Each structure stands twice: as structure tokens, then as C-alpha cells.
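For the sequence shown, the numbering used here gives the first residue as 23, with consecutive numbering after it.
Beta carbons: idealized from backbone N, C-alpha and C, even for Gly.
None of the values given here were measured: they were computed from a predicted structure.
Structure first, commentary second.
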Amino acid sequence: MMTRTLHVVPVGTSVLAHLPKGRLHNPTGTLAAAPTPEQPTPPPVRAVIREATGADATLDLAHLLGPDTLAALHVACGTLAAEWTSTDAATRQAPLSTQRDTLLLLASDTDDGLKAATLVAARYAGLGFRAHYADTPGDQPVLQPGELHLCRLPGLNLASGQPAPSTWHALGTIGRHLRRACERGEDRRILIHLNGGYKLLTPHLLIMATAINTALAEPGRSLSLDTVRAFVLHQDSTALPDGIVWIPIGSLPPTQWDTLRALAAEPVITRDRLDSTWDGDLLGQFIAADGDHRSLTAAGQITLGVL
23 MMTRTLHVVP
33 VGTSVLAHLP
43 KGRLHNPTGT
53 LAAAPTPEQP
63 TPPPVRAVIR
73 EATGADATLD
83 LAHLLGPDTL
93 AALHVACGTL
103 AAEWTSTDAA
113 TRQAPLSTQR
123 DTLLLLASDT
133 DDGLKAATLV
143 AARYAGLGFR
153 AHYADTPGDQ
163 PVLQPGELHL
173 CRLPGLNLAS
183 GQPAPSTWHA
193 LGTIGRHLRR
203 ACERGEDRRI
213 LIHLNGGYKL
223 LTPHLLIMAT
233 AINTALAEPG
243 RSLSLDTVRA
253 FVLHQDSTAL
263 PDGIVWIPIG
273 SLPPTQWDTL
283 RALAAEPVIT
293 RDRLDSTWDG
303 DLLGQFIAAD
313 GDHRSLTAAG
323 QITLGVL
């Protein structure tokens, strides 16, 4: 049986550093829009990407980047982006295939973040992956092999301070999509790449992974313990195959999980409902207490979103 892999790839902005040096082609399509007398300020990259997104969420990369730039990025050297290096290392034994792999690129809610994610997506498109854009996680359809989903994480903009609650809600929603994809068949696994993207996201991606892992390990399920995996690269190591360092993904204790599931079953989680949740196991990690008032932490929002 062929195992289908869902690759979760957070995208940073380091790939943009290669543009002025000529190592990567600069976009010549709508992403390269220059100021004009009628529009002295170029439109936000998000707006440009949405304009290039069809009604079925397909993303026209040639329109965004220009045909020549897109063709050049199709064959770009994998070492020019941490995201490419990561997927190349993870698929060295079995190269990326449109028959079994799906790619989710997680982009920050910034011009540079979305532009970088578009450049990163182009190389995968050269392998035959069909590009889609999810402006709000939850927009994407059922995840299928051969698809690439560029997902904007609303509120993920470190220039404006800490990420907004919408960022954690988005991660939880993405986790729910991944969980449901795995529940549709035992031949699916999730691989979380931690080599690129904002490092701030790393612990939160692991929180998402733990929630998915716990849900898939519930009694009655026959999924493998290796269904959800995460890794980083240590490229200077000669002792590690392909430089891969696997990060353990745990599961939540039954007492925590049962309480979280009960909260997730609520149509609306009100402040009164949280204030009445006196389960000390959740305090600090999933529920924050400020005197008698309680609220969901980032971990709480992500975990409940997965459910």
C-alpha cells in the first residue's frame, strides 16, 4: 500500500535575500507591480495573490511571477531555500510525487512572507504540483495528493507584536484538516518540517502535532504511532542520515484530553464556561487564569481547533 504524506512546511523570508544577488530570478508578473501615477503605492501582496486565485482556489503562479521567472524557479537549486532543503532531505529515498504527496506551505501575514511563499511554491509547481491559495485556513478543499496549498496565517506579523488569536485559530483549523485527512485512510501520514519559517511557530506546530496525534490514537483507531512526525535538519552532522533529527511527538494524558474534548463540544466557549472549568490539569498550558477570570491560551486555541 502506498503511503500518502501531508507535508506541513512553514515558510520564512530568507529566500528573498537571493533576489538582489541574482541567484534567483526576480518576479516579472503582477508581484513586480511598480508604482504608477495612478497608484503610487503598490498594492499589498495579499491582494495581488487573491487577484491571481481562481474561484476554485487554484493559484496562477505564471500570472504572479511571469512565465520566465516561473520556469527558472522550477529548476532552482534546492539549497537556496530552507524549505526546499527540508523537503529534498525528507524525500531523498522516495522523491516527492504527485501521486502520494500533498504540500501545505504556511506563510506569515506580511508582504514579504507571502511573496517568499509564492517563490517557494514555484519550485514545487515545477514538479507537477497544482498550486492553490487559502486566504483563510479552512477555505481549502479536501487535501489530495498532487496539490500544493499556500496558506496565509492571519495575524502572523511579528512587526506588530505577538501573533493575534486568529493565528492560533488558523493553526488549529489546519490541524483539523490534517486530522480529517488521516482519518480517511490508514495509508496517510503527516510530516512537519521545522527547518524554515518563523521559529516562534515551532512550539505551536508541535502543540498542533500533539493534538492531532492524541486524536488519532484514541481507542478504536488502528493508525500507526508514526502517523504524525516532525523533524529539523542538522546539516553539519555526518552521523545522521540526510542530517535529519526527529522530534518526538507525544500525546496528552486522558484527563486533559477528556476535558478538552468536552470544551470543544460546546457550540460556543464562553467566558462563563471557562470560569466554571476548575480542572487544574489545564491551567497554565491550555487555560490562563487572571484572578477569577480565565481565557484560552495559544495552546488551548490550537488544540480545540484541531478537535
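Problem set entry | Touch test, the region 102–112 against the region 29–48, Cβ-Cβ under 8 Å, three pairs minimum | Yes, the region 102–112 touches the region 29–48.
Exercise. For the putative contact between residue 189 and residue 160, defined by C-beta atoms under 8 Å, what is the C-beta separation to the nearest angstrom?
Worked result: Not a contact, Cβ separation roughly 14 Å.
Exercise. Does the Cβ-Cβ distance between residue 172 and residue 143 come in under 8 Å?
Worked result: Result yes, Cβ atoms of residue 172 and residue 143 sit closer than 8 Å.
Exercise. What is the residue span of the beta strand (DSSP E) that residue 200 lies within?
Worked result: Counting along the chain, residue 200 falls outside any beta strand (DSSP E), though it belongs to the alpha helix (DSSP H) covering 187–205.
For this session: May I ask you to report which of helix, strand or coil DSSP gives residue 220?
Result: Look at residue 220 here: in three-state DSSP terms it is coil, with no helix or strand label.
For this session: Measure the alpha-carbon distance for residue 296 versus residue 131 and round it to whole angstroms.
Result: Going by the C-alpha atoms only, they are around 29 Å apart.
Exercise. Just how far apart, CA to CA, sit residue 207 and residue 307?
Worked result: Whole-angstrom Cα-Cα distance: 31 Å.
For this session: Please classify residue 75: is it buried, with 16 or more other beta-carbons within 10 angstroms of its beta-carbon, or exposed?
Result: Classification of residue 75: buried, given that the 10 Å Cβ count is 16 or more.
Problem set entry | Cβ neighbours of residue 92 in the same chain (closer than 6 Å, five flanking residues each side left out) | Here residue 92 has 83, 84, 144 as same chain residues with Cβ atoms under 6 Å from its own Cβ, once five neighbours each way along the sequence are excluded.
Exercise. For the beta strand (DSSP E) that residue 110 lies in, which residues bound it at each end?
Worked result: For residue 110, no beta strand (DSSP E) encloses it; the enclosing alpha helix (DSSP H) starts and ends at 104–112.
Exercise. To the nearest angstrom, how far is it from the Cα of residue 126 to the Cα of residue 278?
Worked result: Using only the alpha carbons, I get a separation of about 29 Å.
Problem set entry | Short Cβ contact (8 Å threshold) for residue 215 with residue 317 | No. Outside cutoff.
Problem set entry | Other residues of its chain near residue 273: CB distance less than 7 Å, five sequence neighbours each side excluded | The residues are 232, 235, 236, 239.
Exercise. Which residues share a DSSP beta bridge with residue 75?
Worked result: Answer is 81.
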